[in-house]
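Numbering (this note's numbering), first residue to last: 20 to 338.
By construction, the Cβ of each residue, glycine as well, lies at the ideal position given by its N, Cα and C atoms.
Working notes, structure below.
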Amino acid sequence: MATDFRLKDQLPDITERIVATYDRAGKMNHLDHCPLPRYDEIVAAINELNEIMFPGYRRREGLHHGNIGYYVGDLVDRLHDRLTTQIGRALRHEAGATSICDGLEDYEALGQAKTIQFLDQLPELREILATDVQAAYDGDPACKTPAEVIFCYPGLEAITVYRLAHLLYELSIPFIPRMMSEWAHSRTGIDIHPGATIGRHFFIDHGTGVVVGETSHIGDHVKLYQGVTLGALSFPTDEDGQLVRGQKRHPTLQDGVVVYANATILGGRTVVGHHSVIGSSVWLTRSVEPHTTVVLEAPKLRLRHDTPDDMRPELNYQI
20 MATDFRLKDQ
30 LPDITERIVA
40 TYDRAGKMNH
50 LDHCPLPRYD
60 EIVAAINELN
70 EIMFPGYRRR
80 EGLHHGNIGY
90 YVGDLVDRLH
100 DRLTTQIGRA
110 LRHEAGATSI
120 CDGLEDYEAL
130 GQAKTIQFLD
140 QLPELREILA
150 TDVQAAYDGD
160 PACKTPAEVI
170 FCYPGLEAIT
180 VYRLAHLLYE
190 LSIPFIPRMM
200 SEWAHSRTGI
210 DIHPGATIGR
220 HFFIDHGTGV
230 VVGETSHIGD
240 HVKLYQGVTL
250 GALSFPTDED
260 GQLVRGQKRH
270 PTLQDGVVVY
280 ANATILGGRT
290 VVGHHSVIGS
300 SVWLTRSVEP
310 HTTVVLEAPK
320 LRLRHDTPDD
330 MRPELNYQI
């Protein structure tokens with residue numbers, strides 16, 4: 020069917036009506052302001068950081084001890100330039116800069132200082148990620164080698180991006196940590212807020228549907244299965260009805276805790292004591308002592324055999 024060009028006469032009117040909404044719904048557009056961080060640049064930085072964290076497992080082949088220094092040096096140099104610009108943009112916007120992008124404050128210099136602080140922590144971060152890889156290998160009998168964890172496990176990918184984003188979050192850099200964590204969320208189905216505090220030897224098995232809230236505190240040697248939520252109870256509000264921010268809203272899991280699939284643990288005062296086990300589908304809103312096992316009562320399973328056809332309920336397999 021050929022295009023009816025007469026219908027295209029409506030397009031200018033549609034365009035005018037769309038543009039009119041930019042005034043009525045002004046919070047949904049960013050016009051007449053300095054540039055924001057670029058999403059594609061942040062994703063590029065994540066990929067370069069993954070190259071540094073796990074050299075030889077990602078894009079570049081043929082790496083060895085003779086050339087790794089040159090390769091990593093090039094990545095670090097590129098990250099310095101990329102992050103200096105993007106962090107500077109984020110800091111400028113957070114400070115309320117509008118269309119005057121070259122004010123008294125040198126935000127690119129601030130971005131560079133933050134970038135150096137971030138890059139300086141990467142050696143120690145690799146040591147922590149090594150414990151996460153080992154935790155996944157030790158905790159999953161289906162895993163054949165640590166290389167399989169690095170190549171294939173979405174939990175490690177989400178944890179890696181979280182740990183990188185958390186460093187930036189701790190440096191009080193706006194936007195970028197959340198951009199990173201939401202990118203990882205879209206890829207893995209695992210939602211870890213960059214503000215959460217997570218110890219070493221952390222393992223997320225399978226992972227889909229895991230949610231870890233901003234003020235969660237997770238100790239060492241903790242294991243979560245798919246569908247686990249570390250969330251908040253109802254949010255307190257002030258006298259104006261606005262949310263009260265800056266309080267601990269999410270639970271604490273002490274060292275050695277295991278939380279099985281689809282369990283929900285809520286509340287900033289909820290503490291799961293060390294080496295406790297939270298069973299599948301548990302809903303927990305109060306603290307439990309160390310070495311506690313929390314499970315639901317076993318449901319009753321009813322089976323019927325040799326039921327006459329005229330007594331069987333009509334089955335509906337539609338989903």
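Checklist entry - Since Leu94 and Glu67 are thought to touch, with beta carbons under 8 Å apart, how far apart are those beta carbons, to the nearest angstrom? => result 5 Å
Item to check | Same chain, Cβ closer than 7 Å to Lys133, five either side skipped, listed in chain order | outcome: Ile106, Leu190 and Ile192
Checklist entry - For Val314, does the three-state DSSP call read helix, strand or coil? => result coil
Checklist entry - Where Thr271 and His220 are concerned, what is the direct C-alpha to C-alpha distance, given to the nearest angstrom? => result 16 Å
Checklist entry - Apart from the five residues on each side of it in sequence, which residues of its chain come closer than 6 Å, Cβ to Cβ, to Tyr76? => result Ile169
Item to check | C-alpha distance - Gly85 paired with Ile71, whole-angstrom precision | outcome: 16 Å
Item to check | Asp224 burial status per 10 Å Cβ neighbour count (16 or more: buried) | outcome: buried
Item to check | Inter-residue CB distance, Gly218 and Val241 (contact presumed, cutoff 8 Å) | outcome: 7 Å
Checklist entry - Under a Cβ-count criterion, where at least 16 other Cβ atoms within 10 Å of its own Cβ denotes burial, should Ile338 be classed as buried or exposed? => result Reliability fails at Ile338, whose pLDDT of 49 lies under 50, so the model's placement of it is uncertain and the value that follows must be treated cautiously. Under this definition Ile338 is an exposed residue.
Item to check | Extent of the continuous alpha helix (DSSP H) to which Ile169 belongs | outcome: Pro165 to Cys171
Checklist entry - At which residues does the alpha helix (DSSP H) containing Gly158 begin and terminate? => result Leu141 to Gly158
Item to check | Cross-strand partners of Lys242 (DSSP beta bridge) | outcome: Phe222 and Val277
Next on the checklist: Checking the sheet assignment: what are the DSSP bridge partners for Gly250?
Outcome noted: Leu285
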